[in-house]
Structure formats: C-alpha cells, structure tokens
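S.K.: All residue numbers for the sequence shown refer to this note's numbering, where the first residue is 50 and numbers rise by one.
Got a structure for you, written out below as structure tokens; questions coming shortly.
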Amino acid sequence: MVDYKKIGLVNTREMFKKAVDGGYAIPAFNFNNMEQMQAIIQAAVETKSPVILQVSKGARDYANPTLLRYMAEGAVEYAKELGCPNPQIVLHLDHGDSFETCKSCIDMGFSSVMYDGSALPYEENIRISRQVVEYAHKYDVTVECELGVLAGVEDEVSSEVSHYTKPEEVIDFATRTGCDSLAISIGTSHGAYKFKPEQCTVDPQTGRLVPPPLAFDVLEAVAKKLPGFPIVLHGSSSVPQEEVDIINANGGALKAAVGIPEEQLRKAAKSAVCKINIDSDSRLAMTAAIRKHLAEHPDHFDPRQYLKPARESMKKMYIHKIVNVLGSNDKL
Ligand SMILES: [Zn+2]
Numbered sequence: 050m051v052d053y054k055k056i057g058l059v060n061t062r063e064m065f066k067k068a069v070d071g072g073y074a075i076p077a078f079n080f081n082n083m084e085q086m087q088a089i090i091q092a093a094v095e096t097k098s099p100v101i102l103q104v105s106k107g108a109r110d111y112a113n114p115t116l117l118r119y120m121a122e123g124a125v126e127y128a129k130e131l132g133c134p135n136p137q138i139v140l141h142l143d144h145g146d147s148f149e150t151c152k153s154c155i156d157m158g159f160s161s162v163m164y165d166g167s168a169l170p171y172e173e174n175i176r177i178s179r180q181v182v183e184y185a186h187k188y189d190v191t192v193e194c195e196l197g198v199l200a201g202v203e204d205e206v207s208s209e210v211s212h213y214t215k216p217e218e219v220i221d222f223a224t225r226t227g228c229d230s231l232a233i234s235i236g237t238s239h240g241a242y243k244f245k246p247e248q249c250t251v252d253p254q255t256g257r258l259v260p261p262p263l264a265f266d267v268l269e270a271v272a273k274k275l276p277g278f279p280i281v282l283h284g285s286s287s288v289p290q291e292e293v294d295i296i297n298a299n300g301g302a303l304k305a306a307v308g309i310p311e312e313q314l315r316k317a318a319k320s321a322v323c324k325i326n327i328d329s330d331s332r333l334a335m336t337a338a339i340r341k342h343l344a345e346h347p348d349h350f351d352p353r354q355y356l357k358p359a360r361e362s363m364k365k366m367y368i369h370k371i372v373n374v375l376g377s378n379d380k381l
C-alpha cells in the first residue's frame with residue numbers, strides 16, 4: 050500500500066473546491082510517456098497551475114502501470130526542481146472499468162480514481178461506484194463517477210451513441226454513491242473525430258466543419274440540482290485545425306477531425322465544470338511536430354531530434370489551455 054501523500058501527490062478535494070468557487074477548471078491531461086509528462090509539468094509550473102495527470106487503461110497497457118506511477122512520483126520532484134516548492138499534482142485513473150482496477154490504482158499510490166459505470170444499468174452503476182467510494186475514502190482518495198454516455202472512442206472506451214445526463218438523476222446518484230465529482234454528458238465526445246460531418250454545419254468563410262453546440266441547458270440543470278458540486282467534462286479536446294493541417298501537409302490523412310470550440314469550454318469552465326479532460330490535442334500537437342520535423346530533416350534519426358520540438362509544441366498547447374481556456378493559472 051503506497052500512501053500518495055508521502056510521495057507529494059494531492060487528491061482533488063481542495064483544488065475542486067477552489068476551482069468551483071473561483072470560476073475556473075483544473076486541467077486533466079493524459080500521459081503515456083516521458084515527453085508528455087515533462088511538457089505537462091513544465092506548463093503547470095510556468096503558469097502556476099494545479100494539474101491532474103491522467104492514466105487511462107490504454108496508457109497502463111502501453112507504458113506499464115508501475116512505470117507510470119513512478120513517473121508521477123518523479124513529476125512531483127521535477128516540479129520542485131523547476132522552482133515550484135508546493136506543486137499541486139493529482140495522479141488520476143481515467144475510466145476505471147471495475148472495482149478491482151480502481152483498488153489496484155489506489156493501492157499503488159493514485160490520489161484520485163474514476164470509476165466509469167456509465168454504460169451499466171443505473172442501479173448497477175450506483176452499486177459499484179459506491180463500493181469504489183467506500184474503499185477510496187478509507188485512504189482519502191477522491192472518486193469521480195459518471196452519469197450519461199459520451200460518444201466517440203478513447204482507448205478502449207467507446208460508444209456509438211451519446212445519451213445526455215438526466216438532471217433528475219444526479220442528486221440521487223451523488224447522494225447514494227458519495228462520489229466527489231461527477232462526469233456528465235452534454236455533447237462532448239472522445240477522440241479526434243467527435244462529430245460526423247452530417248452533425249456539423251459548414252463555415253462558409255473557411256469551409257471548415259462547425260460542430261453542434263454543447264447542451265448548456267443540461268449543464269445548468271445539473272448545477273441547479275447540485276449547487277457547488279464538482280462537474281467534469283470528458284472528451285474536451287478542441288482538435289486545432291492548424292495542427293490537423295500540418296499533419297495532412299506532411300503525409301498525414303486526418304479527414305474531418307473536429308473538436309469542441311474553445312469558447313464553449315471557457316464558458317463551461319466558468320460555471321460548475323471544474324475539471325476538463327484533454328488528450329487528443331496533445332496527440333495532435335506531438336504528431337504534427339514530429340511529421341513536420343521529419344519532413345524537413347529527412348536525415349534525422351535520433352528520436353531526441355524530433356521529440357524535442359514535439360515536447361515544445363505540447364507544452365505550448367498545455368500553456369494555452371491553462372491560461373486561455375481553463376483559467377487555472379496563478380492558482381498555486
Ligand atoms: Zn473520458
């Protein structure tokens with residue numbers, strides 16, 4: 050049993066409270082490798098932002114859970130070395146699919162876990178969520194649960210259709226599970242292809258796809274039922290078209306990739322939403338920088354040559370999100 054507090058991590062309780070009160074959202078960035086982790090920590094330190102390092106099932110399969118957990122421990126020390134004496138870093142399990150997965154992460158030193166029972170029948174979701182919460186709270190680990198179903202594909206979490214969260218269920222769910230935060234479905238979606246072209250309109254000026262707006266009425270109704278309760282948005286990458294263009298101009302073939310406009314995320318961050326998950330934008334920034342670098346330097350073969358600009362590009366993107374979209378800068 051590893052005590053996350055001993056390795057310098059924090060849970061989400063205090064930071065969510067401050068975020069709800071302050072009208073901003075905490076960034077939750079997924080990581081699978083060292084360059085991503087370095088970019089996230091550099092961005093968080095430079096902007097004085099709390100940050101959630103998220104580990105998905107795909108990341109655990111790819112990188113090994115033990116390595117990821119020690120990287121998070123290293124991240125705390127790295128942040129201190131970069132000049133942040135008291136970093137606020139959460140190590141969070143993204144989309145835990147069972148009680149056992151959540152328990153193993155808690156035992157390993159995670160300070161926060163998500164149990165995602167959103168695809169299960171309502172009562173079954175409550176039962177397992179409650180079981181995770183009871184175990185997690187013994188160790189002061191915070192728990193995110195989910196109601197409503199997001200469309201899209203994220204690692205092994207995928208759904209063809211989305212169902213908005215039903216505001217009439219949230220009080221019962223939050224009370225009976227005892228969860229610390231609630232992920233809801235209001236039209237965000239996993240992955241880089243968030244919407245089918247037929248769901249979008251076309252901007253006559255640019256010819257680009259414009260996605261349907263988020264269901265702010267659902268968010269408002271949920272916030273009214275649970276005043277001050279931390280709400281989480283998954284699938285909130287913006288899929289910057291500049292990055293998609295760089296990828297496509299350098300041998301890529303991303304067709305009709307479309308995300309959530311940043312103005313809508315900013316609006317959500319100012320309301321009850323206090324955690325916004327961003328994964329695909331980091332993948333796009335990294336891939337665009339690597340493709341561009343290799344196209345311009347066909348003789349390069351040292352991974353450090355192309356991973357360095359990739360890391361810089363991710364860092365720039367993370368800083369942009371923190372400062373211009375979530376508003377979590379200068380909060381340490
Ligand atoms: Zn998600």
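Heads up, the beta-carbon is just placed ideally off N, CA and C, and yes, glycines get one too.
Only a predicted model underlies this, so the values are computations on that prediction, with no experimental measurement involved.
Are there three or more Cβ pairs, one per stretch, closer than 8 Å when the segment 244-259 is compared with the segment 317-327?
M.R.: Touching, no, given that fewer than three Cβ pairs across the two stretches are closer than 8 Å.
S.K.: Which residue comes first and which comes last in the alpha helix (DSSP H) that contains residue 72?
M.R.: Here the question's residue 72 lines up with position 23 in the sequence shown. No alpha helix (DSSP H) contains residue 72, which DSSP labels as neither H nor E.
S.K.: If you reduce the DSSP assignment to three classes, tell me which class residue 201 lands in.
M.R.: As a first step, residue 201 is located in the sequence shown; it is residue number 152 there, counting from the start. Strand at residue 201.
S.K.: What residues in its chain sit with their C-beta under 6 Å from that of residue 288, if we drop five residues either side in the sequence?
M.R.: The count along the sequence shown starts at 1 and reaches residue 288 at position 239. The answer, listed in chain order, is 241, 306, 307, 308.
S.K.: Tell me whether residue 213 sits in a helix, a strand or coil according to DSSP, three-state version.
M.R.: Position 164 of the sequence shown holds residue 213. Coil.
S.K.: Using 8 Å as the cut-off, classify the Cβ of residue 232 as near or not near the heavy atoms of ligand 1, replying yes or no.
M.R.: By one-based count along the sequence shown, residue 232 stands at place 183. The answer is yes for residue 232.
S.K.: Using the Cβ count rule (16 or more neighbours within 10 Å means buried), how would you classify residue 334?
M.R.: Indexing the sequence shown from 1 puts residue 334 at position 285. The residue in question, residue 334, is buried, as its Cβ has 16 or more Cβ neighbours within 10 Å.
S.K.: Give the straight-line distance between the Cα atoms of residue 52 and residue 156, rounded to the nearest whole angstrom.
M.R.: Locating residue 52 in the sequence shown gives position 3, counting from the first residue. Locating residue 156 in the sequence shown gives position 107, counting from the first residue. Whole-angstrom Cα-Cα distance: 8 Å.
S.K.: On a CA-only basis, which of 76, 201, 269 is nearest residue 94? Give me that one, please.
M.R.: The count along the sequence shown starts at 1 and reaches residue 94 at position 45. Answer by Cα proximity: 76.
S.K.: Can you tell me whether residue 141 sits near ligand 1, meaning its C-beta is under 8 Å from at least one heavy atom of the ligand?
M.R.: The count along the sequence shown starts at 1 and reaches residue 141 at position 92. For ligand 1, not one heavy atom lies less than 8 Å from the Cβ of residue 141.
S.K.: Specify, as a first and last residue, the run of the beta strand (DSSP E) that residue 233 falls within.
M.R.: As a working note, residue 233 is residue 184 in the sequence shown. Note, residue 233: beta strand (DSSP E), 230-233.
S.K.: Thinking just about the alpha-carbon of each residue, which of 196, 222, 122 is nearest to the one in residue 211?
M.R.: Translated into the one-based positions of the sequence shown, residue 211 becomes position 162. The option with the nearest alpha carbon to residue 211 is 196.
S.K.: In the DSSP assignment, the beta strand (DSSP E) including residue 103 goes from what residue to what residue?
M.R.: Here residue 103 refers to the residue found at position 54 of the sequence shown. First-last of the beta strand (DSSP E) with residue 103: 100-104.
S.K.: May I have the straight-line CA-CA distance separating residue 290 from residue 298, to the nearest angstrom?
M.R.: Position 241 of the sequence shown, counted from the start, is the residue given in the question as residue 290. Position 249 of the sequence shown, counted from the start, is the residue given in the question as residue 298. Taking the straight line from one Cα to the other gives about 12 Å.
S.K.: How about residue 158: is its Cβ closer than 8 Å to a heavy atom in ligand 1?
M.R.: Here residue 158 is taken as the residue at index 109 of the sequence shown, counted from 1. No, Cβ of residue 158 sits at least 8 Å from all heavy atoms of ligand 1.
S.K.: Looking at the structure shown, is residue 293 part of a helix, part of a strand, or coil, going by DSSP?
M.R.: Counting from 1 along the sequence shown, the entry for residue 293 is found at position 244. In this structure, residue 293 counts as helix in the three-state DSSP scheme.
S.K.: Between residue 14 and residue 349, what straight-line distance do the alpha-carbon atoms span, to the nearest angstrom?
M.R.: Within the shown structure, residues of the chain are numbered from 50 to 381, placing residue 14 beyond reach of any answer.
S.K.: Under 9 Å between the Cβ atoms of residue 74 and residue 300?
M.R.: The residue you call residue 74 lines up with position 25 of the sequence shown. The residue you call residue 300 lines up with position 251 of the sequence shown. No, the pair does not count as a contact, with Cβ atoms beyond the cut-off.
S.K.: Candidates 221, 133, 135: which alpha carbon is nearest residue 176's?
M.R.: Taking the first residue of the sequence shown as position 1, residue 176 is located at position 127. Residue 221 is the option with its Cα nearest to residue 176.
S.K.: With DSSP run on the structure shown, which of helix, strand or coil describes residue 188?
M.R.: Here residue 188 is taken as the residue at index 139 of the sequence shown, counted from 1. Three-state DSSP puts residue 188 in coil, outside helix and strand.
S.K.: In angstroms with no decimal places, state the Cα-to-Cα distance between residue 236 and residue 340.
M.R.: What you label residue 236 is simply residue 187 of the sequence shown in a count that begins at 1. What you label residue 340 is simply residue 291 of the sequence shown in a count that begins at 1. Rounded to whole angstroms, residue 236 to residue 340 spans 31 Å at the Cα level.
S.K.: Going by CA-CA distance only, name the one from 262, 226, 124, 181 that's closest to residue 311.
M.R.: Within the sequence shown, the letter at position 262 stands for residue 311. Out of 262, 226, 124, 181, 262 has the C-alpha closest to the C-alpha of residue 311.
S.K.: My assumption, with CB atoms under 8 Å, is that residue 190 sits in contact with residue 60. Please give the rounded CB distance.
M.R.: The count along the sequence shown starts at 1 and reaches residue 190 at position 141. The count along the sequence shown starts at 1 and reaches residue 60 at position 11. Indeed they touch by this definition, with Cβ atoms about 6 Å apart.
S.K.: Please check the pair residue 193 and residue 229, which I expect to be a contact at CB under 8 Å, by giving their CB distance rounded to whole angstroms.
M.R.: Within the sequence shown, numbered from 1, the residue matching residue 193 stands at position 144. Within the sequence shown, numbered from 1, the residue matching residue 229 stands at position 180. That pair is a contact at about 7 Å.
S.K.: Taking the beta strand (DSSP E) that residue 123 belongs to, which residues open and close that run?
M.R.: Counting from one through the sequence shown, the residue named residue 123 turns up at place 74. Where residue 123 is concerned, there is no enclosing beta strand (DSSP E), although the alpha helix (DSSP H) it sits in stretches over 114-130.
S.K.: Going by the C-beta, is residue 169 closer than 8 Å to any heavy atom of ligand 1?
M.R.: Counting from 1 along the sequence shown, the entry for residue 169 is found at position 120. Not so, every heavy atom of ligand 1 lies at least 8 Å from the Cβ.
S.K.: Span of the alpha helix (DSSP H) holding residue 367?
M.R.: As a first step, residue 367 must be located in the sequence shown, where it is residue number 318. First-last of the alpha helix (DSSP H) with residue 367: 352-369.
S.K.: Just curious, the beta strand (DSSP E) that residue 372 is in, first and last residue?
M.R.: Within the sequence shown, the letter at position 323 stands for residue 372. Residue 372 -> no beta strand (DSSP E), and no H or E assigned at all.
S.K.: Measure the alpha-carbon distance for residue 245 versus residue 332 and round it to whole angstroms.
M.R.: Taking the first residue of the sequence shown as 1, we reach residue 245 at position 196. Taking the first residue of the sequence shown as 1, we reach residue 332 at position 283. Taking the straight line from one Cα to the other gives about 20 Å.
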